[in-house]
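See structure below.
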Amino acid sequence: MAKSEEQFKLFDNTFEPVIIFNKKKEILYFNHNFVTFSKSPPRVLKKAASVTDVLSSEKIQIKKLIDSCIKENQAVISEEGQIQFTQNAEAIYTVVIKVFPIEDNNYVLCLNDLSVEKNLFDKYRDQIEELKSTHSQIVQADKLATLGELTAGISHEINNPLTIASGNSEIIQMILENENPFNQKETLIQAINDVKDSLERIHIIVNNMRSFLLHKREEKKEYCKLADIIKTAKELVGPSFNEGKVMLDIKLQDEDLVGLVNKVKIEQVLINLCKNALDALLSAQTKNPVVTIELIKMPKENYLNIVVTDNGPGIPKEIHEDIFSPFFTTKEVGEGTGLGLSICSKIIESHQGAIKLESEKGKGAKFTIKLPVIEMSSYSQNEILMNQKNRDGKRILVVDNEVQILNILNKFIEDEGHVFVGSTNGQEALRFLESIRIDLIITDHSMPKMNGSEFSKKVRESGIKCPIYYLTSKKNIEHFNQDKDKYNVSGLILKPFTREEILETIKLALGETN
Amino acid sequence: MSRSGLNVLVVDDEQKICNLIKVFLSMSPEIDKIVTANNSLQAMQKIQNQNFQLVIADFKMEGKTGIELIGQISKSYNTKDMRFLLISGALQKEDVQAAMESGINHIVVKPFSRMQLLSKVYEVLEIKEP
Chain A
1 MAKSEEQFKL FDNTFEPVII FNKKKEILYF NHNFVTFSKS PPRVLKKAAS VTDVLSSEKI
61 QIKKLIDSCI KENQAVISEE GQIQFTQNAE AIYTVVIKVF PIEDNNYVLC LNDLSVEKNL
121 FDKYRDQIEE LKSTHSQIVQ ADKLATLGEL TAGISHEINN PLTIASGNSE IIQMILENEN
181 PFNQKETLIQ AINDVKDSLE RIHIIVNNMR SFLLHKREEK KEYCKLADII KTAKELVGPS
241 FNEGKVMLDI KLQDEDLVGL VNKVKIEQVL INLCKNALDA LLSAQTKNPV VTIELIKMPK
301 ENYLNIVVTD NGPGIPKEIH EDIFSPFFTT KEVGEGTGLG LSICSKIIES HQGAIKLESE
361 KGKGAKFTIK LPVIEMSSYS QNEILMNQKN RDGKRILVVD NEVQILNILN KFIEDEGHVF
421 VGSTNGQEAL RFLESIRIDL IITDHSMPKM NGSEFSKKVR ESGIKCPIYY LTSKKNIEHF
481 NQDKDKYNVS GLILKPFTRE EILETIKLAL GETN
Chain B
1 MSRSGLNVLV VDDEQKICNL IKVFLSMSPE IDKIVTANNS LQAMQKIQNQ NFQLVIADFK
61 MEGKTGIELI GQISKSYNTK DMRFLLISGA LQKEDVQAAM ESGINHIVVK PFSRMQLLSK
121 VYEVLEIKEP
């Protein structure tokens with residue numbers, strides 16, 4: 001026993017609190033650290049009948065842990081949990097417990113105190129949460145400020161339809177007060193239609209404002225036509241441009257270009273850039289002021305470009321680097337938050353894109369937003385998601401020129417844990433297939449730039465053997481029959497489809513490859 | 001300034017508002033003829049060809065504003081027997097000042113009812129309200 005006691009004393013040198021006990025769970029020794037850590041008097045500790053009388057925990061089943069160590073005769077480690085000591089119930093520690101056998105059928109229970117780490121972790125987590133909420137408040141404040149600046153113009157825009165609606169309702173009232181109102185039936189109908197149209201105009205304006213401010217699925221990205229986003233942004237800034245007599249020109253190389261984006265956020269970026277350009281043009285009193293928004297996609301480039309150009313005073317080279325940092329502003333105090341461009345660049349970064357400035361003093365400014373083509377953005381985004389949860393997921397390429405179809409299929413396929421890659425255009429899809437391996441292709445048949453048959457032909461020519469399914473309406477069924485053997489098209493999904501049909505087809509198709 | 005055969009020119013880039021004013025005014029027997037124009041260029045052409053006793057112009061229009069248009073008319077023509085009404089949403093203080101300086105007699109705020117419009121029209125034309 002004396003020999004053991006000597007050995008036990010070795011544990012006085014360790015940093016961890018340690019109790020040594022025998023097979024009957026009787027305490028044989030506790031090191032110095034245990035006394036200080038538990039703040040229990042040694043006298044009381046010595047009296048304790050069993051090791052489980054000294055400390056307790058709700059989460060960690062200490063008794064079970066010890067029993068399993070004794071039974072298996074090997075070290076066991078608990079999960080992280082809170083413990084307290086019988087003698088000092090107020091102090092609660094977050095620990096991991098390790099129990100391991102030593103000589104003479106004795107055992108060591110050792111505590112690894114994580115309280116400090118836990119506290120730090122909690123503190124940092126709280127601070128990060130706080131920062132996150134502050135950040136979203138700032139973003140919201142900047143949006144409010146932007147909208148506030150646009151309000152004067154927008155209220156004018158509402159005033160006109162309001163006048164038409166109220167005036168025409170007065171006309172309707174006057175006609176109805178006549179003896180025989182139906183003599184003026186046509187005037188009545190015209191007046192009612194004018195009221196309806198005007199209310200619709202107001203509705204659109206108010207809706208644009210509201211969806212700009214309150215976007216519920218703030219982080220959600222969807223397949224959207226970029227032209228639509230540019231047009232909505234124009235609706236919102238248009239009145240301010242009219243008021244300042246500044247031209248706002250839109251040049252769309254291709255109306256059908258689709259991005260995988262958060263619509264409201266991209267809208268916010270465009271409004272910000274346009275508003276900045278407008279302010280610059282007005283304060284410099286530029287002659288024939290013009291702001292142009294262009295949508296450009298270069299063939300074989302992996303980026304879609306939205307370019308906002310103005311012919312204003314330009315931005316001096318010295319501040320090009322600062323311009324995207326928060327709180328940098330050249331405007332007077334109180335005239336803007338200085339956050340616009342920093343928020344813009346964060347938004348574009350969150351789309352795996354980039355925002356670039358080209359400008360020289362006196363030569364106007366040109367901001368280029370580069371957004372990845374949808375094949376790339378959907379692939380990279382979903383591949384990351386899949387790596388986090390489902391390693392058995394497959395890559396499924398869907399080619400359809402209708403964004404609604406892509407959005408629905410994206411949801412179905414993503415929920416099943418597969419990687420969804422969307423494409424609206426066979427040529428782009430082929431370019432993507434050159435570099436990334438795909439497990440299944442689902443393609444629409446009638447598409448403007450390259451139809452399903454041509455696409456399948458090219459896919460097979462490039463030696464890709466994965467199953468192809470056509471997604472088409474009943475009237476195009478003969479294309480499937482023609483191509484079935486020629487391009488080895490495995491099957492057909494008829495529009496309209498249900499979720500079950502899609503999932504069934506995918507299961508079947510992926511089964512084939514295995 | 002009671003007289004018969006009053007001619008009115010209505011200038012607004014929104015045709016529906018022109019129509020509305022036309023309907024409102026056509027119900028009053030004192031007014032003889034109502035001509036509409038959608039911008040200041042058209043308005044200047046119509047003024048050249050015809051005498052108007054009242055010009056009603058919108059403030060915010062593509063191209064020249066209503067104030068600028070009325071200023072131009074005042075400079076180019078003898079406007080002793082002409083009256084000017086400006087139609088507008090909310091105006092800034094500076095705009096009201098500019099309006100008064102350009103020779104505008106009254107301002108009608110949008111949206112307006114038929115009575116609000118007519119009472120201002122009668123007031124500037126010095127017609128007794130019926």
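In the order they appear, the protein sequences are chains A and B.
Following my numbering from start to finish, the first sequence increments by one per residue and tops out at 514.
Following my numbering from start to finish, the second sequence increments by one per residue and tops out at 130.
Beta carbons are placed, not taken as given, at the ideal position from N, Cα and C, and that holds for glycine.
All values reported here derive from a predicted model rather than from experimental measurement.
First through last residue of the alpha helix (DSSP H) which encompasses residue i
{"i": "TYR122 of chain B", "result": "114–125"}
{"i": "LEU10 of chain A", "result": "Here LEU10 of chain A belongs to no alpha helix (DSSP H), and DSSP marks it neither H nor E."}
{"i": "PHE34 of chain A", "result": "32–38"}
{"i": "GLU235 of chain A", "result": "226–244"}
{"i": "LEU270 of chain A", "result": "263–284"}
{"i": "VAL403 of chain A", "result": "403–415"}
{"i": "VAL44 of chain A", "result": "42–47"}
Contact under 8 Å by Cβ, residue i with residue j
{"i": "LEU226 of chain A", "j": "SER377 of chain A", "result": "no"}
{"i": "ILE60 of chain A", "j": "SER78 of chain A", "result": "yes"}
{"i": "VAL399 of chain A", "j": "THR329 of chain A", "result": "no"}
{"i": "VAL308 of chain A", "j": "VAL290 of chain A", "result": "no"}
{"i": "ILE104 of chain B", "j": "LEU86 of chain B", "result": "yes"}
{"i": "ILE67 of chain B", "j": "VAL8 of chain B", "result": "no"}
{"i": "LEU295 of chain A", "j": "PHE212 of chain A", "result": "no"}
{"i": "SER31 of chain A", "j": "ASP53 of chain A", "result": "Per the sequence shown, the amino acid found at residue 31 of chain A is Asn instead of Ser. No, the Cβ-Cβ distance between ASN31 of chain A and ASP53 of chain A is not below 8 Å."}
{"i": "SER342 of chain A", "j": "PRO316 of chain A", "result": "no"}
{"i": "VAL124 of chain B", "j": "LEU54 of chain B", "result": "yes"}
{"i": "ALA509 of chain A", "j": "LEU440 of chain A", "result": "yes"}
{"i": "GLU267 of chain A", "j": "ILE319 of chain A", "result": "no"}
{"i": "PRO181 of chain A", "j": "ILE175 of chain A", "result": "yes"}
Option nearest residue i by Cα separation, candidates the options
{"i": "SER88 of chain B", "options": "B:LYS75, B:PHE59, B:ILE104 and B:LEU9", "result": "B:PHE59"}
{"i": "GLN42 of chain B", "options": "B:ALA90, B:PRO111, B:LYS110 and B:LEU69", "result": "B:LEU69"}
{"i": "PHE110 of chain A", "options": "A:ALA152, A:CYS69 and A:GLN87", "result": "As written in the sequence, residue 110 of chain A is Cys, which differs from the Phe given in the question. If we check each option's Cα against that of CYS110 of chain A, A:CYS69 comes out closest."}
{"i": "ILE83 of chain A", "options": "A:SER57, A:SER169 and A:VAL35", "result": "A:SER57"}
{"i": "ASN515 of chain A", "options": "A:GLU179, A:SER169 and A:SER4", "result": "Limits of chain A in this structure are 1 at one end and 514 at the other, which puts residue 515 of chain A out of reach."}
{"i": "LEU199 of chain A", "options": "A:CYS224, A:ILE164, A:ASN180 and A:PHE212", "result": "A:ILE164"}
{"i": "VAL96 of chain A", "options": "A:LYS251, A:GLU461, A:ASP249 and A:LYS118", "result": "A:LYS118"}
{"i": "ILE17 of chain B", "options": "A:ASP126, A:GLY148 and A:ASN159", "result": "A:ASN159"}
{"i": "GLY312 of chain A", "options": "A:THR286, A:GLU321 and A:LYS297", "result": "A:THR286"}
{"i": "TYR77 of chain B", "options": "B:ALA99, B:ASN51, B:GLY5 and B:LEU118", "result": "B:ASN51"}
{"i": "ILE66 of chain A", "options": "A:PHE21, A:LEU28, A:ARG43 and A:GLU90", "result": "A:PHE21"}
{"i": "LYS231 of chain A", "options": "A:ILE204, A:ASN407 and A:ILE189", "result": "A:ILE204"}
{"i": "ALA49 of chain A", "options": "A:ARG210, A:ILE128, A:PRO42 and A:GLU26", "result": "A:GLU26"}
{"i": "GLN173 of chain A", "options": "B:MET82, B:PHE24 and B:VAL121", "result": "B:PHE24"}
{"i": "LYS465 of chain A", "options": "A:ASN207, A:ASN488 and A:ASN272", "result": "A:ASN488"}
{"i": "LEU359 of chain A", "options": "A:LYS394, A:PHE480 and A:GLU321", "result": "Contrary to the premise, residue 359 of chain A reads as Ser rather than Leu in this sequence. Checking every option, the nearest Cα to that of SER359 of chain A belongs to A:GLU321."}
Start-to-end residues for the beta strand (DSSP E) that takes in residue i
{"i": "GLN84 of chain A", "result": "81–85"}
{"i": "PHE21 of chain A", "result": "18–21"}
{"i": "GLU255 of chain A", "result": "It is not in any beta strand (DSSP E) - GLU255 of chain A carries neither H nor E in the DSSP assignment."}
{"i": "SER490 of chain A", "result": "489–494"}
{"i": "VAL398 of chain A", "result": "395–399"}
{"i": "ASP310 of chain A", "result": "303–310"}
{"i": "LEU295 of chain A", "result": "290–297"}
{"i": "VAL108 of chain B", "result": "106–109"}
Chain-order list of residues whose beta-carbon lies under 7 Å from that of residue i (same chain, five-residue window excluded)
{"i": "ASN514 of chain A", "result": "Caution applies to ASN514 of chain A, whose pLDDT of 43 falls short of 50 and renders its modelled position unreliable; the value that the coordinates give is listed next. Correct list: empty, nothing qualifies."}
{"i": "VAL403 of chain A", "result": "TYR223, CYS224, LYS225 and VAL258"}
{"i": "MET1 of chain A", "result": "Per-residue confidence for MET1 of chain A stands at a pLDDT of 48, beneath the threshold of 50, marking its modelled position as unreliable; the derived number appears in the next sentence. Cβ neighbours of MET1 of chain A beyond the five flanking positions: none."}
Residues of its chain near residue i, where Cβ-Cβ distance is below 6 Å and the 5 sequence neighbours each way are ignored
{"i": "PRO496 of chain A", "result": "none"}
{"i": "ILE347 of chain A", "result": "LYS265 and VAL269"}
{"i": "THR14 of chain A", "result": "none"}
{"i": "SER38 of chain A", "result": "PHE85"}
{"i": "SER2 of chain B", "result": "Residue confidence is low: SER2 of chain B scores 44 on pLDDT, short of 50, so the model does not pin down where it sits. Its coordinate-derived value is still stated next. Closer than 6 Å at the Cβ level, and outside the excluded window around SER2 of chain B, lies no residue."}
{"i": "LYS64 of chain B", "result": "SER40"}
{"i": "ASP12 of chain B", "result": "CYS18 and ASP58"}
{"i": "SER4 of chain A", "result": "none"}
Cut-off 8 Å between Cβ atoms - residues of its own chain near residue i, not counting five sequence neighbours on either side
{"i": "SER345 of chain A", "result": "PHE324 and ILE355"}
{"i": "ILE171 of chain A", "result": "THR187 and ALA191"}
Which complete alpha helix (DSSP H) runs does the stretch 418–479 of chain A hold, if anything under 4 residues is left out?
426–435 and 452–461
Within the stretch 319–366 of chain A, note down every full alpha helix (DSSP H) run reaching 4 residues or more, in order along the chain.
340–349
Those runs of the alpha helix (DSSP H) which lie wholly inside the stretch 12–57 of chain B and span at least 4 residues:
15–26 and 40–49
Which ranges would you report for the beta strand (DSSP E) in the stretch 52–107 of chain A if only whole runs of at least 3 residues count?
55–57, 81–85 and 88–102
So within the stretch 170–221 of chain A, which uninterrupted alpha helix (DSSP H) runs reach at least 4 residues, ignoring any that extend past its ends?
185–213
List, from N- to C-terminal side, the alpha helix (DSSP H) runs of 4 residues or more that fit wholly inside the stretch 75–102 of chain B.
93–102
Contact list for the stretch 154–170 of chain A against chain D, Cβ threshold 7 Å:
In the displayed structure, chain D is absent; the protein chains listed are A and B.
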